[in-house]
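Read in the numbering used here, the sequence shown has 708 at position 654, and its numbers run on one by one without any break.
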Amino acid sequence: MYFAKKIGLLSLIVSIVAGLVFLKPTGIVYASSPTSTIVVADSVLSIGETSNVTITFSEAVTGLTLADLTVANGTLNAMSSSDGGVTWTATLTPVTGIADATNVITLDNTGVQNAAGNLGAGTTDSNNYAIDTQRPTATIVVSDTALSIGETSLVIITFSEAVLGFTNADLTVANGTLSALSSSDGGITWTATLTPTSGIRDATNIITLDNSGVADMAGNAGTGTTSSNNYAIDTTLLTATILVADSTLSIGETSQVTITFSEAVTDFTNTDLTVSNGTLSVLSTSDNITYTTTLTPVTGITDATNVITLDNTGVQNATGHAGVGTTDSNNYAIDTQRPTAAIVVSDTALSNGETSLVTITFSEAVSGFTNADLTVAYGTLSAVNSSDGGITWTATLTPTSGIVDATNVITLDNSGVADMAGNAGAGITSSNNYAIDTTQLTATIVVADTALSMGETSQVTITFSEAVTGFTLADLTVANGTLSGLSTSDNITYTATLTPFTGITAATNVITLDNTGVQNAAGHAGKGTTDSNNYAIDTQRPTATIVVADTALSIGETSLVTITFSEAVSGFTNGDLTVANGVLSSVSSSDNMTWTATLTPNSNVNAATNTITLDNSGVTDYAGNAGLGTTESNSYAVFTVAASADLSSMTLSNGTLSPVFASGTEVYTSSVPNSVSTLTVTATALDSHATITVNGNLVISGQASSNILLNVGSNTIAIVVTASDQSTRTYTITVTRENSSSTGGGSSNGGGTSTDGGSSTPTAPMDNTVTSSDGKITLPTGRPGLVSLGKEIIISIPAGATSQELKLSIEKIRNTEALLKNNEVLASPVFDVLTNVSGNFSKPVKLTLAYDAASLKSDQTAAVFYFDGVKKAWVKVEGGMIQANDISVEVNHFSKYAALVVNKANGMPVVDRTTDPTTEISFTDISGHWAEVSIKEAVRERIVTGYPDETFKPGNTVTRAEFSVMLMNALKSTDAGAELIFTDTAWIGDWAKKAVSQAVQAGIIRGYQDGSFRPNAKMTRAEMAAMIANALELSTKDIPTTSFSDDKAIPAWAKSSVEALKKLGIVKGIGAGDFNPSAQTTRAEAVIVLMNMLGQSK
């Protein structure tokens, strides 16, 4: 939003014409000025008191009002006089919350006059009066904040001043009593002794003072209450609880036992505990309150009733008080008997296609028994089941195919079952032995070299379980490679050569054999497939990318350079890199994949296109593959030629400079005929970071200025160049516009015509219009005038519009929030037109405002309004004439004027209803984010929007184009914008062009030295600071250092902006006081800075 520059109203010059009456004086009488005294009756005022004030004059006066009196720390009511104006009285009421012993009432005597019309002179002071309207306050400190049995604490109550009336009745004491209060310093500091109530444990207690019970020496009573610091009380007896966590213990189980005391104890040992059917481990504690130990039950016991008993008399608290009686734990049951089992396999010799019944018999019914508890040698079991409640279980054994083994058993893990009491079995139980013979043809495949790189091959060995026939390469599938030279000497072991494919990186590869393609001597074919061991292939050369972080380097700047390889490499050194117009520090890496270095540009260079080139052949990956060819970095610009405030060229649209332009020459002249009423100046700076103003208006280097109106006679044009180091140079052109004159061969006759030997033609009258393009003008009485502020507003004042000299100024109001309470939509900026003339003009004045007609909807148009300061509302000016992007009206007075968007149908202002402050802003990725509140506010203000997937992406970086849009949205700019002449204008998206052009017009951005804008470049924190400072129109006077710890890393052109924003609290440091100027700005950071900017402008 725009930021207002407040200006005062120009002085009102009023000419009063009065008739003169000539009287013959008969005598002269000289009179003296009236004098006065002021008496304040009550010279000591406290809360609730007032005083009569008497002002006595030396004679009756008139014109006395409260405005003539200045009252120290108080107010007076309306004055009155009962004796014709000699004695005046009023009531003085002191200001509350004040203690001031020195106060007077001062009368400006010049505001009164006596009957003779003589004004008073100077000032008169009253007698002094003291004011004390401050109430006493207090603090309460309890010295001992942790009280136990038998303890007391000193309590100190300190008042802000001496008090009266303070007693124990004014105090409320939590869980305790206070002794009688006493003071030894006259009533400021009071002490008492706090005794806690017995049998209490409360960590939160305070003493509360009712301040209204005391008063200071002036009689001012306290107000409200005052609380002491917190104190804890523990005056309770020692108690304990015992909890056995597992109340049902079986064999192998233990339980944690927790003994919790009501407070910390000493002397507690295992001897204080009696344990039923078990033992306890050594007690442990971390706080002497909660103790833990492990209960282990005795084996071979079944007992449902057991407790642990504590003898409380064996322990004592911190004050030495022992416990009383005994404490029992909760009950726990013990059962420690294990189930056993036997396993019988019915068929003890199994071949292909056979199965066998298996019977498992337990010593008692069990639960939890599943096939997972059984280990079957070379076979599988069907699901076990029982028909007698869990004692006898059966299943079917199916042997594994392809096995020849005479010794096999089924093994039961008894720990997997438990009896009905919950006791688990122990150890293992094995079945009787059974033999299996179910062999099949098998094979193994071994790849000798399991890591293959470029140019390598590996031997592959295929070994069968017996001699085979029919085996060929067609039976093998090879991942990322080919096999050749399959051979064998015994039809059992075969060999071949594996050659990997090139350009492959694959860590997982196998060779697969289709076993069905081979058969043994008996003619039985193999089944399924066989995979080789895994082998890795890396036949890819390493590649790289090079990123120069800062793509525009100027004097004193460096840039991080990141070289990222496709994989970890070795052999990489600076010798592999060629750097254009700069040098690199030694490359370094923590993972041999990502390498970094610092690029320092060469001095005294201006080169827009530079790259860093990597010779890839100098590096190899860990597989030994060398890189190939070269890799180029992104382009970066180097501009290290020193800053300059010189122009390289300067031309006029009309007229010729004299002398011929030279950078070192600052003063020029030019002459134009009377027919030339305007001209433009085109100035080009040597330093592309420099700014140029023509007659105070910012222009773009190499681009024509706005039209400059020329008066007849001498016109001075000032061109000021400000370099990036804030040095300046001023060029001055004096343009002389000729007077109008007669033409032809005759002579002027002075009567408005000229003769040329027989005919006469009218001559143009001399042009006496006063013109100005900087928004300020002074018109002599009766003269016409034309004043403008750029191309945005033009005011044409006809001759005779006023009967006095007219002084007029135009100011663009940037902060319009207070003027748009009804969410009216601006079509133009708001302009405040100020004059020294009161009332209306004698003739209508023409006012023309520029606006962007293309931005309006089909059912909308523009109309001119002025702001009624009394009604606080916009009033429409009827009769507006629209031509292209201008709207003109005739007005008879000046105020705040603007073009508003109106509805074509009814002519009423369009109201922006898109922003509802009560609407909940919801994104899926900002909950709990440090910038959540600001992000929601920025969305409501239509500074920024989220993404279609209902995310905001606060960590995404912002481009220069995106930040320009966000900034101009924040500024609520209604400017039409400047023509974009950047070399890469075509790369600026349509969605951003308006904002970029507005930012250029406002002097916020200028682009790079090579003439580019780089819309897609990431916005750095230094660039963001410079744009914000420009938007706020902050002074950027050069400063050598900032207060950030990484000041040396901040570019010289950004230091002033960074420091100015830091002082305003708009930007803050990162980490240990760094600014981190080259870091890329995230969406969240941009929002925070913009909202801080708006807060600063309010």
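The beta carbon of each residue, even a glycine, is placed where N, CA and C say it ideally should be.
Distance CB(residue i)-CB(residue j) smaller than 8 Å
| i | j | result |
| --- | --- | --- |
| Val458 | Ser485 | no |
| Gly219 | Val268 | yes |
| Asn646 | Val692 | no |
| Thr786 | Thr770 | yes |
| Thr108 | Thr160 | no |
| Thr782 | Thr788 | no |
| Asp675 | Ala598 | no |
| Thr736 | Ser702 | no |
| Ser687 | Thr663 | no |
| Leu840 | Thr825 | yes |
| Pro852 | Pro834 | no |
| Gly1031 | Lys1007 | no |
| Ile362 | Ile305 | no |
| Asp612 | Asp585 | Note that residue 612 corresponds to Thr in the displayed sequence, not to Asp. In this structure, Asp585 does not lie closer than 8 Å to Thr612 by Cβ. |
| Leu537 | Tyr589 | no |
| Leu901 | Ala952 | no |
| Ser436 | Thr450 | yes |
| Asp467 | Asp427 | yes |
Status (buried if at least 16 other CB within 10 Å, exposed otherwise) for residue i
| i | result |
| --- | --- |
| Asp341 | exposed |
| Ile482 | exposed |
| Gly171 | exposed |
| Asn946 | exposed |
| Pro1094 | exposed |
| Thr129 | exposed |
| Tyr1001 | exposed |
| Asp970 | The pLDDT assigned to Asp970 is 49, lower than 50, so where the model puts this residue is not dependable; a value taken from the coordinates is nonetheless given after this. Under this definition Asp970 is an exposed residue. |
| Trp984 | exposed |
| Glu1016 | buried |
| Ser1132 | buried |
| Lys1026 | buried |
| Gly811 | With a pLDDT of 34 at Gly811, under the threshold of 50, the modelled position of that residue is not reliable, and the figure given next carries that caveat. Per the 10 Å Cβ criterion, exposed. |
CB-CB length for residue i against residue j, believed under 8 Å
| i | j | result |
| --- | --- | --- |
| Ser863 | Asn749 | 15 Å between Cβ atoms; not a contact. |
| Pro596 | Phe619 | 5 Å |
| Thr145 | Thr104 | 5 Å |
| Leu337 | Thr323 | 7 Å |
| Thr492 | Pro453 | 5 Å |
| Asp886 | Lys950 | 5 Å |
Counterpart residues of residue i in DSSP-defined beta bridges
| i | result |
| --- | --- |
| Gln573 | Thr523 and Ala579 |
| Ile490 | Leu404 and Asp459 |
| Phe416 | Ala395 |
| Ile746 | Val753 and Val775 |
| Lys1072 | Thr1013 |
| Thr145 | Asn106 |
| Gly433 | Pro453 |
| Leu638 | Leu653 |
| Pro554 | Gly535 |
| Ala234 | None; Ala234 has no bridge partner. |
| Phe921 | Trp928 and Lys950 |
| Glu878 | Val965 |
| Thr674 | Ser624 and Ala680 |
| Thr350 | Thr333 |
Proximity test, residue i beta-carbon vs the ligand ATP heavy atom, cut-off 7 Å
| i | result |
| --- | --- |
| Ser105 | In the structure shown, the ligand ATP is absent, as is every other ligand, since no ligand is present at all. |
Inset, instruction - Would you check if there are 3 or more beta carbon pairs closer than 8 Å linking the segment 702 to 711 to the segment 616 to 629? - result: no
Legend entry - Cβ contact (3+ pairs, closer than 8 Å) linking the segment 394 to 407 and the segment 366 to 374: no
Legend entry - Segment contact, 8 Å Cβ cut-off, at least three pairs: the segment 976 to 993 with the segment 1134 to 1145: yes
Inset, instruction - Take every Cβ of the segment 516 to 535, pair it with every Cβ of the segment 485 to 499, and state whether three or more of those distances are shorter than 8 Å. - result: yes
Inset, instruction - Say whether the segment 607 to 615 touches the segment 551 to 560, bearing in mind that this needs 3 or more beta-carbon pairs closer than 8 Å, one atom from each stretch. - result: no
Inset, instruction - For the segment 266 to 283 and the segment 347 to 357, state whether three or more C-beta atom pairs, one from each stretch, are separated by less than 8 Å. - result: no
Legend entry - Stretch-stretch touch, CB-based, cutoff 8 Å, three pairs: the segment 1006 to 1023 with the segment 1061 to 1081: yes
Legend entry - the segment 847 to 859 contacting the segment 915 to 933, beta-carbon criterion three pairs below 8 Å: no
Inset, instruction - Please confirm if the segment 1103 to 1110 is in contact with the segment 1040 to 1057, defined as three or more CB-CB distances below 8 Å between the two stretches. - result: no
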